[in-house]
Amino acid sequence: MNRFWPKGLAAIALIASTLSHADVLIGQTADFSGPVASGVKETAAGAKLWIDHVNAGGGINGEPITLVSMDDKFEPANAAANARTLIVDKKVLALFLTRGTPHNQAILPLLSEFGVPLIAPSTGAMALHKPVNPWVFNVRASYQHEANRAIRHLSLVGLAHIGIVQVNDSFGSDAVKGALDAFAQVNGAPLFTESYDREKPDFTRIQHAVTTLNPQAILFLGSGSAVVNGVKAIRATGSHAQIVTLSNNASDGFIKALGDNATGTIVTQVFPYERSLASPMVKEARQLQKAATGDDKVTPAMLEGFAGAKVLVEGLRRAGKNPTREKLRAALETLHHYDIGGLEVSFSPTSHTGLDYTDLSIIGSDGKFTR
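For reference, each letter of the sequence shown is one residue, going -22 to -1, 1 to 349 in mature numbering (1 follows the signal peptide of the UniProt record, and there is no 0).
Structure below.
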């Protein structure tokens, strides 16, 4: 059993040498023990719901799907090393649900080198959308789209004094472009833009900016524990600024980590409301979750994994018996208006974005996302 999986969750990451040759091996490198581990585990659990369901029905052309997961501790160098191991040693058919912007960027050269599809990377980095990479198939909106929506919303409700806090890596640099585009659209400008070091976050300078300029709202572009600690530092100044962050933090684990600072925080979302039975995808995920655990609760992070797994499985189905990496890549490009449950995924040789759905949620006093 994979030691990175949460208690009670059956292992899906197995050592390749123990597998039947008939298994369809899919590789994942993600943070199962570092700063975004809680969200990663939820996303992987959502993918497992659909993969287990498909395997229970006989798999793909009689072959079960096995997800081989490796922990990269949210370090880009580890992600690249893990990806190479998965591709070369484990001989996976594709990579799947790889988490993080700089992490996925570190993996990109391996895709073309070995001709391996990357399906549903768990990042909204524009670098994975444009220019189109023939091996990358996104199943979520871009961070720029999310940040743009967030700023336009704040402007619409009358908040003009908005600060930006961003991590100083490729994720932060990418997402802030969407925010700046939105400011231009509403004839505004950020009250301040401050960055923090990804490896050693220090929010002293940000606290000074908040105290001096008194923002009405702050768009916080970062991940996991860094955002949790940054929000804590902001609140320590006495600021009541509206905090907004992106969907990479849309997990129950993030809410729990925020503690008393959770209520009122806005988090952008890239999938339908996880409690809405009006969404066929959500209804299906909840039914499978209840059958698996006795509790039908799903989270936004779980829906990301669930949606990605649906696209993965359909690509495998269309690739036919004895799929190859190239057959899978070609099969994915035949998905045009493919319905994954109320949302349509479309790929073509000139677009591998898949989905551009974006929404907003706010964390309620009950510790749940509300829309």
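Virtual Cβ for every residue (Gly too), placed ideally from N, Cα, C.
Hey, quick one: how far does the beta strand (DSSP E) through residue i stretch, first residue to last?
i	result
Gly24	No beta strand (DSSP E) contains Gly24, which is instead part of the alpha helix (DSSP H) from 15 to 34.
Val188	That residue, Val188, is in no beta strand (DSSP E); its alpha helix (DSSP H) goes 182 to 191.
Leu290	First-last for Leu290: 278 to 297, but that is the alpha helix (DSSP H), not the beta strand (DSSP E).
Thr7	2 to 8
Gln247	244 to 247
Phe325	322 to 326
Ala195	195 to 199
Please tell me whether residue i and residue j are closer than 7 Å, where the distance is taken between their beta carbons.
i	j	result
Pro99	Asp147	no
Phe115	Leu310	yes
Leu199	Ala162	no
Gly5	Leu73	yes
Pro168	Ala228	no
Ala125	Ala157	yes
Val248	Ala119	yes
Ala103	Leu197	no
Asn82	Thr63	no
Lys288	Trp113	no
Leu266	His123	no
Val276	Arg264	yes
Ser201	Asn226	yes
Would you say residue i reaches chain C, if we count a Cβ-Cβ gap shorter than 7 Å as a contact?
i	result
Ile244	This model lacks chain C altogether; it includes just one protein chain.
Considering only the alpha carbon of each residue, which of the options lies closest to residue i?
i	options	result
Thr76	Val117, Phe161, Ala187	Val117
Leu294	Ala8, Ser16, Asn33, Leu27	Asn33
Ala285	Arg127, Gly78, Val206, Lys26	Lys26
Val135	Val164, Lys155, Val110, Asp159	Val164
Val46	Glu53, Thr7, Ala55	Thr7
Phe325	Thr171, Asn111, Pro301, Gln122	Asn111
His330	Val188, Ser90, Lys108	Lys108
Tyr251	Glu172, Leu3, Leu281, Leu224	Leu281
Arg213	Leu224, Ser225, Pro193, Ala308	Pro193
Ile43	Leu3, Asn56, Arg130, Ala55	Leu3
Arg176	Val205, Asp49, Tyr121	Val205
Thr302	Ala84, Gln185, Phe92	Phe92
Glu41	Tyr174, Gln185, Ala297	Ala297
Ile340	Asn56, Lys261, Leu224, Tyr174	Leu224
Glu304	Ser90, Ala55, Glu262	Ser90
Lys155	Gly166, Gln185, Tyr121, Asn300	Tyr121
CB-CB under 8 Å to residue i, same chain, minus the five flanking residues each way: which ones, in chain order?
i	result
Lys210	Asn239
Thr(-5)	Low confidence applies to Thr(-5): its pLDDT is 37, below 50, so where it sits in the model is not reliable, and the reading given next is rough at best. Closer than 8 Å at the Cβ level, and outside the excluded window around Thr(-5), lies no residue.
Gly342	Thr241, Thr348
Leu88	Ala58, Ala61, Arg62, Ile65, Val94
Asn207	Pro179, Phe181
Ala160	Ala125, Asn126, Arg127, Ala128, Ile129, Arg130, Ser133
Ala55	Ala84
What first and last residue would you give for the alpha helix (DSSP H) that runs through residue i?
i	result
Val205	202 to 214
Met259	258 to 271
Asp152	148 to 163
Asp49	That residue, Asp49, is in no alpha helix (DSSP H); its beta strand (DSSP E) goes 43 to 49.
Thr79	79 to 92
Ser329	That residue, Ser329, is in no alpha helix (DSSP H); its beta strand (DSSP E) goes 329 to 332.
Gly231	230 to 236
Ser133	121 to 134
Within the same chain, show all residues whose beta-carbon is closer than 6 Å to that of residue i, passing over the 5 residues directly before and after it, in chain order.
i	result
Ile(-8)	Caution is warranted here: a pLDDT of 36 is assigned to Ile(-8), below 50, making its placement in the model unreliable, and the coordinate value is therefore given only provisionally. Closer than 6 Å at Cβ, skipping near neighbours: no residue.
Ala150	It is Gly, not Ala, that sits at residue 150 in the sequence shown. Closer than 6 Å at Cβ, skipping near neighbours: Gln144, Leu199.
Ala195	Leu132, Leu137, Ile140, Ala219, Gln220
His(-2)	Legend: pLDDT at His(-2) = 42, less than 50; position of this residue unreliable, value from coordinates given subsequently. Once the five neighbours on either side are set aside, His(-2) has no close Cβ partner at all.
Ala187	Phe170, Glu172
Leu191	Leu169, Phe170
Arg307	Pro95
To which residues of the same chain is residue i closer than 7 Å at the C-beta, ignoring the five residues directly before and after it?
i	result
Gly231	Ser16, Gly17, Glu20
Glu292	Leu313, Tyr316
Pro327	Glu311
Phe52	Asp9, Gly12, Pro13, Val14, Gly78
Gly345	Ile233, Ala240
Tyr335	Ala119, Val248, Phe249, Leu321
Ala(-13)	Only weak support exists for where Ala(-13) lies, its pLDDT of 39 falling under 50; the coordinates are left without a value.
Asp50	Thr7, Ala8, Asp9, Asn56, Ala57, Asn60, His81
With contact counted as at least three CB pairs below 8 Å, one residue from each stretch, are the stretch 31 to 39 and the stretch 9 to 19 in contact? Contact annotation: the stretch 31 to 39 does not touch the stretch 9 to 19, with fewer than three C-beta pairs closer than 8 Å.
Touching by the beta-carbon criterion (3+ pairs, under 8 Å), the stretch 314 to 321 and the stretch 253 to 269: The stretch 314 to 321, when compared against the stretch 253 to 269, does touch it at the 8 Å Cβ threshold.
Touching or not, the stretch 63 to 75 and the stretch 127 to 141, by the rule of three or more beta carbon pairs under 8 Å? No: fewer than three Cβ pairs fall under 8 Å.
Contact between the stretch 179 to 186 and the stretch 226 to 241 (3+ Cβ pairs under 8 Å): Contact check between the stretch 179 to 186 and the stretch 226 to 241: fewer than three CB pairs, one atom from each, fall below 8 Å, which does not count as touching.
Contact between the stretch 238 to 248 and the stretch 14 to 28 is defined here as three or more beta-carbon pairs at a separation below 8 Å; is this criterion met? Segments in contact, no.
Contact the stretch 268 to 277 vs the stretch 206 to 224: 3+ CB pairs below 8 Å: Judged by pairs of C-beta atoms under 8 Å, the stretch 268 to 277 does not touch the stretch 206 to 224, as fewer than three such pairs exist.
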